[in-house]
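Heads up: the structure comes next, in structure tokens.
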Amino acid sequence: MIQRTRPSRAALILGLLLAGVVATSCSIGTISDVRVVRWVEQTVAERQPPAEDKRFDEIAWVTDIRTAIALGKEYDRPIVLYTGDGRINTGRC
Amino acid sequence: MCAYIVNEEYYSKNGGAPPEERAELQRLQQEGVAKKLDVGMVRAWVLTPDGHPYDMLDGAKVGPTLAGLQRAVEHFKPRPGQPVVPPGPQSAPPAAPADAITLHLVARGNDRGSWGEFPAENWIVLPREDWSKLLPTGDVNPGQWWELDRGVSAKILTYFYPQTENNDARLDRIEKYLLIARALTVKDGVVTARIDGYVMMHHVFYPGRKDAQPLGAEVVGVMTFAPGKPPSLELATTKAMHGQRWFTVAVRTVPHATTR
């Protein structure tokens, strides 16, 4: 781990410039030290999935075929089975 | 009764589905073909209570899906009642060692429509040997800066991509990245540091394609820690783009169930 005792914002900005990330503008420095804690807390909170994005969780799911069939037989209920690529429960699908 | 399965767990040699589960899926497919249903990999099946194919829903469209469910209700006439298992969060932190930290990541493209309406989530577990590398050694003073361990940074930044059909988050697709911490305050032994950084990589939208689009994200965050103790970490993108698509990411430390 690299450690320094002096701030090196200039080095970071230079690194970003060299990396080409900031082709049009740069956010480094636009969020001041005074604002950064509040800004990060608020932004992270705002980006959490709202309830309307989580209606999937209102359905009582099981996650394997044999359990679904066992419960279907026990309770005499038909089964809806979704077979999907990726993980529908996390949106990485 | 509702169920979902992850195809990769059933079709991949390294998938986690046991042989009995794989055999059940194979049986359903054979019976579905015999019944002349539109059998495929990504499907919404209706099965009889004893587990035989009855119908195939057009799960991509709301109207036909509801119509198919209604047909099933009229055919089977299930008795109304409570769910047979309790509903609950389907995206939850995995169990992890007590001294690990778990990060919850939420990524979302700014476009909307179909599955793009829903955010993508990842759970990133950093065991003690990982999170300890995020912290500086020795006393920390305001203004002091350090680069976060590159290996651990990559484990987090590799999930900085919007909802895409490809979810291969291999580390070797990352080209350039950096996370730097700078101590803002030290109070009663607790350090609050700001994080600045970025990640650049190429990420493929569709699995198996070779047309990876460039991705760049600028990151700002805050890490709070007492020396030697698990840190609390929050990160947010200030600007992020994949191809021509803007997206946002938020990461925060969350509690997790403990493994034995």
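Sequence order for the protein chains is E and C. For the record, in the first sequence the residue sitting at position 87 is 86 according to numbering that gives the first Met the number 0, with numbers rising by one throughout. For the record, in the second sequence the residue sitting at position 55 is 54 according to numbering that gives the first Met the number 0, with numbers rising by one throughout. All C-beta atoms in this analysis are idealised placements derived from N, C-alpha and C, irrespective of residue type, glycine included. Just so it is clear, the structure is predicted and the values come from calculations on it, not from any experiment.
Residues of its chain near residue i, where Cβ-Cβ distance is below 7 Å and the 5 sequence neighbours each way are ignored
i, result
"Tyr-9(C)", "Ala-16, Glu-20, Arg-21 and Leu-24"
"Gly-173(C)", "Residue identity differs from the one stated: residue 173(C) is Ile in this sequence, not Gly. Only Ala-153, Leu-156, Thr-157, Val-198 and Met-200 meet the Cβ criterion."
"Ile-30(E)", "Trp-38"
"Lys-175(C)", "Met-199"
"Leu-46(C)", "Pro-52 and Tyr-53"
"Cys-92(E)", "Gly-83, Asp-84, Gly-85 and Arg-86"
"Arg-244(C)", "Gly-108, Asp-110 and Pro-161"
Nearest neighbour of residue i, chosen from the options [CA to CA]
i, options, result
"Asp-187(C)", "Ala-225(C), Phe-246(C), Val-219(C) and Leu-104(C)", "Ala-225(C)"
"Pro-141(C)", "Phe-246(C), Lys-209(C), Lys-34(C) and Ala-180(C)", "Ala-180(C)"
"Val-253(C)", "Met-55(C), Phe-246(C) and Leu-234(C)", "Leu-234(C)"
"Pro-118(C)", "His-241(C), Tyr-160(C) and Asp-54(C)", "Tyr-160(C)"
"Leu-214(C)", "Arg-70(C), Thr-258(C) and His-241(C)", "His-241(C)"
"Glu-73(C)", "Ile-194(C), Gln-89(C) and Tyr-53(C)", "Tyr-53(C)"
"Ser-231(C)", "Ala-211(C), Gln-243(C), Ala-33(C) and Ile-194(C)", "Ile-194(C)"
"Pro-261(C)", "Asp-110(C), Leu-125(C) and Asp-37(C)", "The shown model of chain C, from 0 to 259, leaves out residue 261(C), and the question about it has no answer."
"Ala-59(C)", "Trp-114(C), Asn-6(C) and Arg-26(C)", "Trp-114(C)"
"Val-36(E)", "Lys-228(C), Val-221(C) and Thr-184(C)", "Val-221(C)"
"Glu-73(E)", "Met-0(C), Asp-148(C), Leu-36(C) and Val-151(C)", "Met-0(C)"
Where residue i sits in the DSSP three-state scheme
i, result
"His-51(C)", "coil"
"Phe-224(C)", "strand"
"Pro-213(C)", "strand"
"Asp-110(C)", "coil"
"Gly-242(C)", "coil"
"Arg-34(E)", "helix"
"Ser-90(C)", "coil"
"Ser-152(C)", "helix"
"Glu-7(C)", "helix"
"Arg-208(C)", "coil"
"Thr-252(C)", "strand"
"Val-84(C)", "coil"
"Ala-180(C)", "strand"
"Gly-83(E)", "strand"
"Thr-89(E)", "coil"
"Ala-50(E)", "helix"
"Lys-34(C)", "coil"
"Ala-69(E)", "helix"
"Ala-43(C)", "strand"
Residue burial classification, residue i (beta-carbon count within 10 angstroms, cutoff 16)
i, result
"Gln-41(E)", "exposed"
"Asn-88(E)", "buried"
"Asn-121(C)", "buried"
"Val-61(C)", "exposed"
"Trp-144(C)", "buried"
"Asp-63(E)", "buried"
"Asn-166(C)", "buried"
"Ala-106(C)", "buried"
"Gly-87(C)", "exposed"
Cβ shell of residue i (< 6 Å), same chain only, five flanking positions each side left out
i, result
"Thr-163(C)", "Phe-204"
"Val-20(E)", "Because the pLDDT of Val-20(E) is 44, which lies under 50, any placement of that residue in the model is unreliable, and the question is left without a value."
"Ala-216(C)", "Phe-159, Val-198, Thr-236 and Ala-239"
"Leu-104(C)", "Asn-121, Tyr-158 and Val-250"
"Arg-34(E)", "none"
"Ala-256(C)", "Ala-94"
Residues near residue i by beta carbon distance below 8 Å, same chain, minus five either side
i, result
"Arg-169(C)", "Thr-157"
Counting beta carbon pairs with one atom in the region 124-133 of chain C and one in the region 89-101 of chain C, are three or more of them shorter than 8 Å? yes
Indicate whether the contact test is met: 3 or more Cβ pairs, each with one atom in the region 70-85 of chain E and one in the region 64-77 of chain C, closer than 8 Å. Contact holds: three or more Cβ-Cβ distances are below 8 Å.
Within the chosen definition, does the region 81-90 of chain C reach the region 64-71 of chain C through at least 3 CB pairs nearer than 8 Å? no
Do the region 241-249 of chain C and the region 51-68 of chain E meet, that is, are 3 or more Cβ pairs less than 8 Å apart? no
Between the region 206-234 of chain C and chain D, which residues of the former have a C-beta closer than 7 Å to a C-beta of the latter? The displayed structure is made up of protein chains E and C, and chain D is not among them.
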